[in-house]
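Trainee: I'd like to ask you about the structure that follows.
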Amino acid sequence: MGSASSTYRPKCIYLDIDGRIQKVIFSKYCNSKDIMDLCCIATGLPRNTTISLLTADNCMVSIDPTMPKEELFQNLLGQIAEQFSRVFKINELKTEVANHLAMLEKKVELEGLKVVEIEKCKRDIKKMREEMAARSSRTNCPCKYSFLDENKRPAPRRDVPSYPKYMLSQETIEALRKPTFDVWLWEPNEMLSCLEHMYHDLGLVKDFNINPITLKRWLLCIHDNYRNNPFHNFRHCFCVTQMMYSMISLCSLQEKFSQIDILILMTAAVCHDLDHPGYNNTHAEILDSFKEKMENFDYTNEEHMTCLKMVLIKCCDISNEVRPMEVAEPWVDCLLEEYFMQSDREKSEGLPVAPFMDRDKVTKPTAQIGFLKFVLIPMFETVTKLFPEVEEVMLQPLWESRDHYEGLKQIDDAMKEKQKSEEETAFEQINHKP
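At position 400 of the sequence shown (counting the first as 1) the number is 400 in UniProt numbering, and the numbers step up by one without a gap.
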């Protein structure tokens, strides 16, 4: 593989590097370092790279102008080529390792950013929970509520619902038909059993061939899909449905409505605030339309009946003040707390805030007086024209509630006036002090 035909002529070495032939020429006047540099240049290695030549039996050969003749070079230079090849492969491996390390460093950097974001989210959630805890300490709202995962939805149920069955006593069955029913005394499984009883008692299960297991599964799914808001929660759902059930009994609605209409009224009451997010807006008033139809109300007119069903559902939805004061008043605290949560968030986002939701402007008496005088009482007065039995049981408590909150407002106004007078007196005394 090499050639050195004369000691007086330059010597020539041919190197086979992975199939690539390189020619190295040197004279007898070159020293060992010169020959090693020439070999490095020919093979593309950096100069000053240490090169070793070995015989077939691993004996070291000195690199100098007096190197062995052609026969030995064929074997030795083959070993040089192999060492060069190893060096090239090592460089390739270094490049591959460097690229892999760069990828790992990038991945670690991205994962580090994710960890930072997760920690930030955890801090934000903790802060929000602390704010909620601080607000709940300032209210008498008996509802327990917490944050829910927006993306969490109950999976379809294939099993038989297993909530503990509450056996209703005769006393409970009778009380359930009245607007005075205390909705705060019952646990979720008991409320579910009461709802189940209403559907059976009204003949809906029998008339529409509803599978009792399906009814149980549906009611439990309804319970799971109401959020834990201060006001718009499953207890509110039960409250509205129980009031509808009591109105059906009080006004003998089954004599005026078909069973499908009774089913619509009950199911609308159960589902009316399903998955309510806890944020409120104003609803279009249906009372004016109902008042127009009241002049010549016709039970055979589908449009009239549809309007009546809408009014009845609305009455039940906002009927808390119909109940005894000790049952109704905690609902006011719950609703105001929900309003305040909404207005606080609207303020933080720079949105306009409705005055009746602003914790800095509204009080319980002022909120209730306006709602009773301009919404509740006019609506129930209109319903009373069709169903006179409503006046004593439902309208009378509304009048009493209005008088109660007007009395509270007078007390609040008197206290504010007294405080203002005391502050003015103190201010004058300070200014006239010698």
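Beta carbons: idealized from backbone N, C-alpha and C, even for Gly.
As the structure is a computational prediction, the values presented were derived from the model and not from experiment.
What's the C-alpha gap between L185 and M379?
Mentor: Roughly 28 Å between the two C-alpha positions.
Trainee: Could you please give the first and the last residue of the uninterrupted alpha helix (DSSP H) stretch that includes R345?
Mentor: First-last of the alpha helix (DSSP H) with R345: 325-348.
Trainee: Could you tell me the alpha carbon to alpha carbon distance between E422 and A414, rounded to whole angstroms?
Mentor: Going from the Cα of E422 to the Cα of A414 covers about 12 Å.
Trainee: Would you kindly check if the distance between the Cβ of D317 and the Cβ of V240 is under 8 Å?
Mentor: Yes; because the gap between Cβ atoms is below 8 Å, this pair is in contact.
Trainee: Within 10 Å of its beta-carbon, does residue 435 have 16 or more other beta-carbons around it, so buried, or fewer, so exposed?
Mentor: Nothing can be reported for residue 435, as the shown portion of the chain is limited to 1 through 434.
Trainee: Give the DSSP-derived three-state secondary structure of R157 in the structure shown.
Mentor: Residue placement at R157 is flagged as unreliable, the pLDDT there being 48, under the threshold of 50; a coordinate-derived value is accordingly withheld.
Trainee: Within the chosen definition, does the segment 322-341 reach the segment 224-237 through at least 3 CB pairs nearer than 8 Å?
Mentor: Yes, the segment 322-341 touches the segment 224-237.
Trainee: Given a cut-off of 8 Å, decide if I173 and L202 are closer than it, judged by their beta-carbon atoms.
Mentor: Against a cut-off of 8 Å, the Cβ pair of I173 and L202 comes out as no contact.
Trainee: Would you call the segment 320-330 and the segment 299-309 in contact, with 3 or more CB pairs under 8 Å?
Mentor: The segment 320-330, when compared against the segment 299-309, does not touch it at the 8 Å Cβ threshold.
Trainee: Does the beta-carbon distance from Y245 to L168 come in below 8 Å?
Mentor: Taking 8 Å as the Cβ cut-off, Y245 and L168 do not qualify as a contacting pair.
Trainee: Report the residue from K409, R47, L351, V390 whose alpha carbon sits nearest the alpha carbon of Q368.
Mentor: Closest option to Q368, Cα to Cα, is K409.
Trainee: When DSSP labels each residue in this structure, what does C239 get in the three-state scheme?
Mentor: Here C239 sits in helix by DSSP.
Trainee: Tell me whether K420 sits in a helix, a strand or coil according to DSSP, three-state version.
Mentor: Note: K420 maps to helix in three-state DSSP.
Trainee: Our contact map puts residue 435 next to I262 with C-beta atoms below 8 Å; I'd like the distance itself, whole angstroms only.
Mentor: Since the first and last residues shown for the chain are 1 and 434, residue 435 lies out of range.
Trainee: Taking its Cβ as the centre, do 16 or more other Cβ atoms sit within 10 Å of Q396, making it buried, or is it exposed?
Mentor: Under this definition Q396 is an exposed residue.
Trainee: Suppose the cutoff is 6 Å on Cβ atoms and the five residues either side in sequence are ignored; what does the same chain contact list for I35 look like?
Mentor: Taken in chain order, the residues that qualify are F26, I63.
Trainee: Return helix, strand or coil for R402, following the three-state DSSP convention.
Mentor: The answer is helix: DSSP assigns R402 an H, G or I state.
Trainee: Who are the Cβ neighbours of D358 in its own chain at under 7 Å, not counting the five residues just before and after it?
Mentor: Cβ within range, chain order: S343.
Trainee: Per DSSP, what are the beta-bridge partners of V24 in this structure?
Mentor: Looking at the DSSP assignment, V24 forms a beta bridge with I13.
Trainee: Quick check: P179 and V383, are their CB atoms within less than 8 Å of each other?
Mentor: For P179 and V383, no; Cβs fall outside 8 Å.
Trainee: Report all residues from its chain with a CB closer than 6 Å to the CB of I430; omit the five preceding and five following residues, and keep chain order.
Mentor: Excluding residues within five positions, none has a Cβ falling inside 6 Å.
Trainee: Just verifying my parser: in three-state terms, what is the DSSP assignment at W186?
Mentor: Reduced to three states, the DSSP call for W186 is coil.
Trainee: Going by beta-carbon coordinates alone, are A328 and S401 separated by less than 8 Å?
Mentor: Result yes, Cβ atoms of A328 and S401 sit closer than 8 Å.
Trainee: Closer than 7 Å to a non-hydrogen atom of the ligand HEM - does that hold for the CB of L265?
Mentor: No copy of the ligand HEM appears in this structure; indeed no ligand is present at all.
Trainee: For D412, collect the residues of the same chain with a Cβ closer than 8 Å to its Cβ; drop the 5 residues on either side in sequence, then sort them by chain order.
Mentor: Hits under 8 Å: T363, P365.
Trainee: Does the beta-carbon distance from M266 to I286 come in below 8 Å?
Mentor: Result no, Cβ atoms of M266 and I286 do not sit closer than 8 Å.
Trainee: Going along the chain, which residues of its own chain have a beta-carbon closer than 6 Å to the beta-carbon of H197, five neighbours each way excluded?
Mentor: Only L168 meet the Cβ criterion.
Trainee: Using only the alpha-carbon positions, how far apart do P46 and A98 sit?
Mentor: Those two C-alpha atoms are separated by around 20 Å.
Trainee: May I have the straight-line CA-CA distance separating E70 from E96, to the nearest angstrom?
Mentor: Because E70 sits at a pLDDT of 43, beneath the cut-off of 50, its placement in the model cannot be relied upon, and the following sentence gives the value as read from the coordinates. So the two alpha carbons sit approximately 39 Å from each other.
Trainee: Tell me where the alpha helix (DSSP H) around K206 begins and ends.
Mentor: First-last of the alpha helix (DSSP H) with K206: 204-207.
Trainee: If you count every other CB in all the chains shown that lies within 10 Å of the CB of R235, and 16 or more means buried, which is it?
Mentor: It counts as buried.
Trainee: Do V205 and L192 have their C-beta atoms within less than 8 Å of each other?
Mentor: Against a cut-off of 8 Å, the Cβ pair of L192 and V205 comes out as no contact.
Trainee: Near D37, which residues of its chain fall below 6 Å by C-beta distance, leaving aside the five closest residues on each side in sequence?
Mentor: Around D37: R47.
Trainee: So, using beta-carbon positions, are A268 and I213 closer together than 8 Å?
Mentor: No, the pair does not count as a contact, with Cβ atoms beyond the cut-off.
Trainee: For E424, count neighbouring C-beta atoms within 10 Å of its own C-beta (all shown protein chains included) and say buried if the count is 16 or more, exposed if not.
Mentor: E424 should be labelled exposed.
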